[in-house]
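S.K.:
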Amino acid sequence: LETYLRMANIPYINDETMKKSSKKKTPWIELNGKCVADSSFILEYLNTNYCVDLNMSLSVEQQAIGRGFCKMVDEHLYWTMVMSRWYHDFHQRLYPLFKRAVYNQGWAQGVGRHTREENNHLMYGDLKALSDYLGKKRYLFGNQPCEVDCVVFGQLSQFCWHMPNLHGEQLLHETFPNLRDYCFRMKKAFWPDLGLGAKSKCQKQT
Amino acid sequence: LETFLRMHKIPYTNDHTSKFSSKGKTPWIQYNGVSVADSQLSINFLRKTFNLEDEDLTPVEEATGRAFQKMTEENLYWTMCHSLFIENQSRVGEVLPLYTGIKLKILIFILSRVLRLEMWGHGIGRHSSKDIEQIGSEDLLALSTFLGEKKYFLGEEPREVDCAIFGMLVQIAYHMPGTPHERLIHDKYRNLLEYCERIKAKYWPDWEDRCFNADNVTDDMGHIYHKPNGMAS
């Protein structure tokens, strides 16, 4: 979502107070007093409000494919990552209740019912699909990034920088280097400030 | 899964005893004493066990197929459950003819509760009904746009991804009366309906016999279920 805002040049401020939306999830936004939850609906709302269309250069068929990939990463790859990070490879003993809560959600969704090996296999399959589709291109649909890249990058950046010593990170860096390069490319284009003064960012007032 | 078995001419028998797998879900298979749960894992198992040839697809085609398959199974699927079992339950009886009266009411009650919990955990259940309907309709638009005028999803030949997508779309086409999905596939996205008809004609020539014309259903444990009187064919 933030990548989309940066790509569309929409100024924004982060609310770091950890409040949850009306649907008890994040992210959510507030614009002129109106709250909108869920990243897909937020994108649609902002597209209408600001007359933005970052998928403008795509054919209808490419837009359809883009939707397929967005849903695959948001509804499937995401869960394999959650299960890996917070359940299968979660070695903290201090938070059994948290682990249970994650497991229950994963169970409800379906992906949580698999073993660690099966989870890794599913993760591999999704990353391979992304890697094969990206191929040698700069972005998913050519030389210009689009809305789909925001969504995919949002998930892949977790694999790249936020899953230390986990299987997902290893897959991205070793097995699918074109995805790793893609992440660095997106970061350079839209997040040149990432990693600088992380502490000061946390102290920022809303 | 059954369409995959038929496509590769692997003989099989259905177990109608409503047993759930080790993961608490269906479908699952059992081969020579080994049980495998989850349709995709079952397909991978069958490919290995029967040494089935790899599909002749480019990596990009395979990747695109996977993306659409996941979208259908992990996103569209939940919007379908919501439409049929939560939003408007008045026609559930038509698709579950073995349940009538109080049994049907209890089943709907339990199913809708379980589905609501699962959908809440997944995330999609937190949206309003209108939003869920919109998500479903956008998924169908994507499927219809990508299929276009092709015979099958990835060209002239049916592939594994067609088995998965057909498995879902066929529910919408024939098994979800009165839902917005059914209206969309019959009115707006007719190429999806024609696609279902095509696969049905190719791999399920016995569809009418199995679904409608048998007076009763015998499962493999020998239990016999009689069709209630006056059931519409």
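Protein chains in written order, with this note's numbering: chain C, 1 to 206; chain P, 1 to 233. Glycine residues also receive a C-beta, built at the ideal position from the N, C-alpha and C atoms. Bear in mind that the values here come from a model prediction, so they are computed numbers and not experimental data.
Closest Cβ-Cβ distance between C:Tyr4 and chain P: below 8 Å?
M.R.: By one-based count along the first sequence, residue 4 of chain C stands at place 4. Chain P contact via Cβ: absent.
S.K.: Measure from the alpha carbon of P:Glu62 to the alpha carbon of each residue in P:His181, P:Phe153, P:Tyr189 and P:Ile199, then state which is nearest.
M.R.: Counting from one through the second sequence, the residue named residue 62 of chain P turns up at place 62. It is P:Phe153.
S.K.: Could you round the C-beta distance between C:Lys71 and P:Lys70 to whole angstroms and report it? I think they count as a contact, below 8 Å.
M.R.: Along the first sequence, read from residue 1 onward, the residue named residue 71 of chain C stands at position 71. Along the second sequence, read from residue 1 onward, the residue named residue 70 of chain P stands at position 70. Yes, C:Lys71 and P:Lys70 are in contact; Cβ-Cβ is about 7 Å, under 8 Å.
S.K.: Are any of the Cβ atoms in chain P nearer than 8 Å to that of C:Lys137?
M.R.: For the purposes of this step, residue 137 of chain C is taken as the residue at position 137 of the first sequence. False, the Cβ-Cβ gap to chain P never drops below 8 Å.
S.K.: Out of C:Pro192, C:Glu75, C:Gly154 and C:Cys160, point me to the one whose CA is closest to P:Gly121's CA.
M.R.: Here residue 121 of chain P refers to the residue found at position 121 when the second sequence is read from its first residue. Checked all of C:Pro192, C:Glu75, C:Gly154 and C:Cys160; the closest Cα to P:Gly121 is C:Glu75.
S.K.: For the region 46-61 of chain P against the region 141-148 of chain P, do three or more pairs of beta-carbon atoms, one drawn from each stretch, fall closer than 8 Å, so that the two count as touching?
M.R.: In short, these stretches do not touch, since the Cβ pair count stays below three.
S.K.: Taking all protein chains shown into account, decide if C:Ser200 is buried (16 or more other Cβ within 10 angstroms of its Cβ) or exposed.
M.R.: One-based indexing of the first sequence puts residue 200 of chain C at position 200. With a pLDDT of 37 at C:Ser200, under the threshold of 50, the modelled position of this residue cannot be trusted, and the question is left open.
S.K.: For P:Tyr203, does the three-state DSSP call read helix, strand or coil?
M.R.: As a position in the second sequence, residue 203 of chain P is number 203, starting the count at 1. Three-state DSSP puts P:Tyr203 in a helix.
S.K.: Find the residues of chain C that neighbour P:Pro59, judging by a C-beta separation of less than 7 Å, and give them in chain order.
M.R.: Numbered from its first residue, the second sequence carries residue 59 of chain P at position 59. The answer, in chain order, is Asp132.
S.K.: So for C:Ser144, helix, strand or coil by DSSP?
M.R.: Locating residue 144 of chain C in the first sequence gives position 144, where the first residue counts as 1. Going by the sequence as given, residue 144 of chain C is Gln instead of Ser. Three-state DSSP puts C:Gln144 in coil, outside helix and strand.
S.K.: Any idea what DSSP makes of P:Pro155, helix, strand or coil?
M.R.: Here residue 155 of chain P refers to the residue found at position 155 when the second sequence is read from its first residue. The sequence shown places Gly at residue 155 of chain P, not Pro. Of the three classes helix, strand and coil, the one that applies to P:Gly155 here is strand, per DSSP.
S.K.: Flag C:Phe41 as yes if its beta-carbon sits less than 8 Å from any beta-carbon of chain P, otherwise no.
M.R.: Indexing the first sequence from 1 puts residue 41 of chain C at position 41. Closer than 8 Å to some Cβ of chain P, the Cβ of C:Phe41 qualifies, so yes.
S.K.: Would you call P:Gly33 buried or exposed, if buried means 16 or more other Cβ atoms sit within 10 Å of its Cβ?
M.R.: Residue numbering aside, residue 33 of chain P sits at position 33 when the second sequence is read from its first letter. Exposed is the call here.
S.K.: Locate the alpha helix (DSSP H) running through P:Ser112, then write down its first and last residues.
M.R.: The sequence position of residue 112 of chain P within the second sequence is 112, counting from 1. First-last of the alpha helix (DSSP H) with P:Ser112: Gly101 to His122.
S.K.: Mind listing the chain P neighbours of C:Val151? Cutoff is C-beta to C-beta under 7 Å, in chain order.
M.R.: Residue mapping note: residue 151 of chain C aligns to position 151 of the first sequence, counting from 1. Within chain P, no residue comes near C:Val151; the closest Cβ sits about 12 Å away, beyond 7 Å.
S.K.: Residues in the same chain with beta-carbon distance under 8 Å from C:Arg6, minus the five sequence neighbours each way, listed in chain order, please.
M.R.: Position 6 of the first sequence, counted from the first residue, corresponds to residue 6 of chain C. Contacts found: Phe190 and Trp191.
S.K.: Where do the ends of the alpha helix (DSSP H) carrying P:Val34 lie?
M.R.: What you label residue 34 of chain P is simply residue 34 of the second sequence in a count that begins at 1. Per DSSP, P:Val34 belongs to no alpha helix (DSSP H); it is in the beta strand (DSSP E), Val34 to Ala37.
S.K.: Check whether the Cβ atoms of P:Ile10 and P:Glu160 sit closer than 8 Å, and answer yes or no.
M.R.: Taking the first residue of the second sequence as position 1, residue 10 of chain P is located at position 10. Taking the first residue of the second sequence as position 1, residue 160 of chain P is located at position 160. Cβ atoms of P:Ile10 and P:Glu160: not closer than 8 Å.
S.K.: If you draw a straight line from the C-alpha of C:His121 to the C-alpha of P:Leu192, how long is it?
M.R.: To locate residue 121 of chain C, count along the first sequence from 1; it is residue 121. To locate residue 192 of chain P, count along the second sequence from 1; it is residue 192. Going from the Cα of C:His121 to the Cα of P:Leu192 covers about 30 Å.
S.K.: Name, please, each residue of chain C whose Cβ falls closer than 7 Å to the Cβ of P:Leu41.
M.R.: Position 41 of the second sequence, counted from the first residue, corresponds to residue 41 of chain P. Here the neighbours are Glu118.
S.K.: Kindly list, in the order they appear in chain P, the residues whose Cβ is closer than 8 Å to that of C:Gly142.
M.R.: Position 142 of the first sequence holds residue 142 of chain C. Result: empty, since nearest Cβ-Cβ is about 13 Å, beyond 8 Å.
S.K.: Indicate whether at least one CB of chain C lies closer than 8 Å to the CB of P:Asp162.
M.R.: By one-based count along the second sequence, residue 162 of chain P stands at place 162. Taking Cβ atoms only, chain C never reaches closer than 8 Å to P:Asp162, which makes this a no.
S.K.: How big is the Cα-Cα spacing for P:Arg190 and C:Gly66?
M.R.: Counting from one through the second sequence, the residue named residue 190 of chain P turns up at place 190. Counting from one through the first sequence, the residue named residue 66 of chain C turns up at place 66. If you take the alpha carbons of P:Arg190 and C:Gly66, they lie about 22 Å apart.
S.K.: Measure the CB-CB distance between C:Cys146 and C:Leu54 and report whether it falls below 8 Å.
M.R.: The residue given as residue 146 of chain C occupies position 146 in the first sequence. The residue given as residue 54 of chain C occupies position 54 in the first sequence. Yes, Cβ-Cβ distance for C:Cys146 and C:Leu54 is below 8 Å.
S.K.: Which residues in the same chain as P:Leu238 place their Cβ atom closer than 6 Å to its Cβ, once the five residues preceding and following it in sequence are excluded?
M.R.: Since the first residue shown for chain P is 1 and the last is 233, residue 238 of chain P is missing from the structure and cannot be characterised.
S.K.: Is the CB of P:Asn75 under 8 Å away from at least one CB in chain C?
M.R.: Looking up residue 75 of chain P in the second sequence gives position 75. Output row for P:Asn75: interface = yes.
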